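Enquirer: Could you have a look at this structure, given as structure tokens, before my questions?
Residue numbers (my numbering): 6 to 279.
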């Protein structure tokens, strides 16, 4: 991207304008990355703390309570016995669970390095309802903004498509842009070539068609990028608004089960005494 735009700026004699556009492009991408990172930080932190709390309850609190019940020779409720079994398993084989998770994560990362496997995973992600919208939105915004700055800098359409395809993180979408470049080279319109894959949002495709017809393609691409970035931010906010209460409810349910498993034998003991 940078080499192509600078070369085009040198040829056209507008290198200062190209550098200004590149600065705006880099700043916009950095802002988008920071927004996504900050939005995901709190849920990830909340999830990590929740896992640590549950693990601490099962490995330290439950065993101490079990010692009290064990000395009473009392028949424990099924919920309490299940919790004790889970606690014993984590205390004895917890390191094996961590080792298996680490090995699974390493194997997953290694498998993702293979293009065929990564392509299948990316294709599956594009079928998931909410996640597909998020992936398409972020990739479309990145593609449209890159394509816009290349076109505005005077880079030829085919070269701009080739470079823009490389900023797409999703392999099926990247290959769709590469195939669109082939169709454009064969004489098809950019609008039809991009819409053929079905991966890009209808609004973006319509803006490309409008820009192609009016001769203001770079402006329409910039508008498409801004529109997709706004939709992505709105979708992330909505997903986080759903995820955080659900995580709190799940954590509350887990803690409630642990508390009930501890209190049920105490209630049974009180009834036995009375």
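Glycine residues also receive a C-beta, built at the ideal position from the N, C-alpha and C atoms. Remember, predicted model here, so these are calculated numbers, not experimental data.
Tell me the rounded alpha-carbon separation between residue 221 and residue 159.
Expert: Within the chain shown, the letter at position 216 stands for residue 221. Within the chain shown, the letter at position 154 stands for residue 159. If I take the Cα positions, the gap works out to 13 Å.
Enquirer: May I ask you to report which of helix, strand or coil DSSP gives residue 109?
Expert: By one-based count along the chain shown, residue 109 stands at place 104. Of the three classes helix, strand and coil, the one that applies to residue 109 here is helix, per DSSP.
Enquirer: Excluding five sequence neighbours on each side, which residues of the same chain lie with their C-beta closer than 8 Å to the C-beta of residue 249?
Expert: Translated into positions along the chain shown, residue 249 becomes position 244. The answer, listed in chain order, is 47, 48 and 51.
Enquirer: Assuming residue 170 is part of the alpha helix (DSSP H), what are its boundary residues?
Expert: Residue numbering aside, residue 170 sits at position 165 when the chain shown is read from its first letter. Per DSSP, residue 170 belongs to the alpha helix (DSSP H) from 162 to 170.
Enquirer: Pick helix, strand or coil for residue 204, following the three-state DSSP scheme.
Expert: To locate residue 204, count along the chain shown from 1; it is residue 199. The answer is coil: DSSP assigns residue 204 none of H, G, I, E or B.
Enquirer: Provide the residue span of the alpha helix (DSSP H) that contains residue 159, from first to last.
Expert: Walking along the chain shown from the start, residue 159 turns up at place 154. Careful: residue 159 lies outside any alpha helix (DSSP H) and carries neither H nor E.
Enquirer: Exposed or buried, which one is residue 121 when buried takes at least 16 other CB atoms within 10 Å?
Expert: The count along the chain shown starts at 1 and reaches residue 121 at position 116. By the neighbour-count rule (16 or more Cβ atoms within 10 Å), residue 121 is not buried but exposed.
Enquirer: Nearest-angstrom Cα distance between residue 63 and residue 35?
Expert: As a first step, residue 63 must be located in the chain shown, where it is residue number 58. As a first step, residue 35 must be located in the chain shown, where it is residue number 30. Using only the alpha carbons, I get a separation of about 42 Å.
Enquirer: Given a threshold of 16 other Cβ atoms within 10 Å of its Cβ, counted over all protein chains shown, does residue 200 qualify as buried or as exposed?
Expert: Mapped onto the chain shown, residue 200 falls at position 195. Flag for residue 200 reads buried.
Enquirer: For residue 173, name the three-state secondary structure that DSSP assigns.
Expert: To locate residue 173, count along the chain shown from 1; it is residue 168. Residue 173 falls in the coil class under three-state DSSP.
Enquirer: Among 265, 210, 70 and 204, which one has its Cα closest to the Cα of residue 140?
Expert: As a first step, residue 140 must be located in the chain shown, where it is residue number 135. Closest option to residue 140, Cα to Cα, is 204.
Enquirer: How big is the Cα-Cα spacing for residue 134 and residue 240?
Expert: Translated into the one-based positions of the chain shown, residue 134 becomes position 129. Translated into the one-based positions of the chain shown, residue 240 becomes position 235. Cα-Cα distance, rounded: 12 Å.
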